[in-house]
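If you read the sequence shown in the numbering used here, its first letter stands for residue 20, the second for the next number, and so on.
Quick reminder that beta carbons are idealized off the backbone N, C-alpha and C, glycines included.
Notes follow once the structure below has been shown.
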Amino acid sequence: MEFLQLYWSIMGIQNLPLTSSPNSTGGTPPPTYLYERIARFVSDLVERGALKPGMRAPSLRSVANRFSVSLSTAVQAYRLLEDRGVIEARPKSGFFVSRAGRETLGLPNVSAPAAKPARVTVSSGIISLMQHASDDSLVPLGCAIPSADLLAAGRLDRFLARAARVKGTRYNTYSPAHGDPDLRQEICRRATRWGQALAPDEVLITCGCTEALSIALSAVTRRGDVVAIESPTYFGLLPVLENLDLQAFELPTDPQHGVSIEALEAVLKHGTVSACLLSSSFNNPLGCTVPEERKRVIAALLDRHGVPLIEDDIYGDIHFGADRPSPFMAVSPETDIIYCSSFSKTVAPGYRIGWLAAPRHMKKALEVKFAVSLCGPALTQAALADFLSSGGYDGHLRRIRRVFAENIAHMRQTIAESFPEATRVSRPAGGFVLWLELPDGIDGRRLAEAALEEGICVAPGDAFTSGDRYRNCIRLSCGHVWDDRLDRAVRRLGALAEQAATA
């Protein structure tokens, strides 16, 4: 019997539903593209143990024939599986299941935050966590800052030195209010690749993505307003909400497909929400991505209720699949959206260059930017614009995507080998963070404190909420090249979790 047909028989499956339509109102929608659905099926074989680590995977030709697709579609599916660490190519031998590829860990549960708005009071704890980010003596599993060794620091430094040498006098001044014109032009040029048509005057350069989010919130809300957000959410957003005196309405969020549409619709019907802030690609900390069909449904809901969307897409360029996920703004350009992003996760965290696109709110955004920080540093903006125009950014992105995907695969495998058996771990298709849901009874903050005493920095789960939730969770960063030091640290962290589980 042909290989795939044999596994079809083993798994009791007659056909893979390649043409079923996404569930636009909730639930778990299937992958959008044929290659994603093929990759999902092969991943399921690995997860269920039908394909074991080290075993030869079905050939590309057999996959193409079995699913009645082109060979290029089969290649695309296998590239996605390679990026996710599920399979590996061996020269002249074909594809094999990665020895770190079998994912036996369950996904975290869908979050269940309180269905009411809450004021945010978290700043002091998050500031103390950020202080560990620059401590080289700690194993860096806490803050989502990529290793400088992985970033294009050397090339970028040369562009900075050249800009200072050739145009130093010109750039030793304030930049234009919008930011460097060449940098804004490069951002608009790149946005066309994922279907987003922007004009340079619609782009505002900010001091990182966090300032972009703060400006966006200030442009569409007033003190005391309620903002709907994912739960868990990026912990840097919480001090912003606190500083602006905004209330957070946390929404249940699926670890694969993002925010609950039903919960969002329910809160919008009450008319208490003034803005909605969502990640479009690889939410931090869950790593989930809202599928395109669900993005359309969410955009239509917000349009119907007249609520603006603030979109955080800082991890969009770090995708492991063949295609970059489309932002909300590209999927639904008629919706009232402020798009926020940054180069901090891909090339220059120290440059603190972020940006926002606000076609409907630029006047207010400029007023807020001027009041907060006047403008950004001119020289670093000029250097980054030269770097982007040189054409080296795409090659750099391909390299770090591969490294981050490998890091996540190594981290998941080590967690499976060393953490308590009931541990659940996210399975992101991009970015470089993992969300761990530990067995009940293990306190994530106490675990983080115990790890810190042993020189290991991790982020406790309760830092990612405005309330008292996710006490049994932690977030780990995979932003550094995997080595023996990281391996030992994760195994030691697992041992500490085992001790907490038995205490």
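Boundaries of the alpha helix (DSSP H) harbouring S91: 90-102, taken from the DSSP string.
Residue pairing of F268 in beta bridges, as defined by DSSP: A247. Distance from the CA atom of E312 to the CA atom of G414, rounded to whole angstroms, is 30 Å. With a threshold of 16 other beta carbon atoms within 10 Å, N128 falls short and is exposed. Note on geometry: alpha-carbon atoms of H289 and P327 lie some 16 Å from one another.
For the segment 360-417, the continuous beta strand (DSSP E) assignments of 3+ residues that do not extend past its boundaries occur at 373-376, in sequence order. The segment 399-408 makes no contact with the segment 486-493; the number of CB pairs closer than 8 Å stays below 3. The beta carbons of S299 and V309 sit closer together than 9 Å. Rounded to the nearest angstrom, the gap between the Cα atoms of R189 and I206 is 22 Å.
Looking only at C228, D201, L53, N84, the smallest Cα-Cα distance to K388 is reached by C228. In the three-state reduction of the DSSP assignment, Y489 falls in the coil class. Shortest Cα-Cα distance from R242 to any of F254, H324, E261, I372 involves E261. In the DSSP assignment, C162 falls outside any beta strand (DSSP E) and carries neither an H nor an E.
Counting along the chain, the unbroken beta strand (DSSP E) around S298 starts and ends at 292-298. Check the Cα spacing between R379 and each of T399, V222, E468: the tightest is with V222.
Excluding five sequence positions before and after G125, the CB atoms of its chain that fall closer than 7 Å to its own CB belong to R443, given in chain order. In this structure, DSSP gives I356 an extended state, which the three-state scheme calls strand. By the criterion of a C-beta distance shorter than 8 Å, Q266 is surrounded in its chain by P136, A137, R138, V139, G243, D244, V245, V246, L260, once the five residues flanking it on both sides are discounted. Membership of L79 in the alpha helix (DSSP H) is indicated by the continuous run 79-86. In this structure M430 is buried. Its beta-carbon is surrounded by 16 or more other beta-carbon atoms within 10 angstroms. Here DSSP, grouped into helix, strand and coil, assigns H338 to strand. In the three-state reduction of the DSSP assignment, L124 falls in the coil class, being assigned neither a helical nor a strand state. Assigned with DSSP and collapsed to three states, T308 falls in coil, not helix or strand. A Cβ-Cβ separation of about 3 Å places P447 in contact with G306 under the 8 Å criterion. When beta bridges are read from the DSSP output, I475 appears opposite V158. The beta carbon of A402 is closer than 7 Å to those of L175, F178, L179, A182 in its chain, skipping five residues each way along the sequence.
Considering only R507, R510, R465, the residue with the shortest C-alpha distance to A522 is R465.
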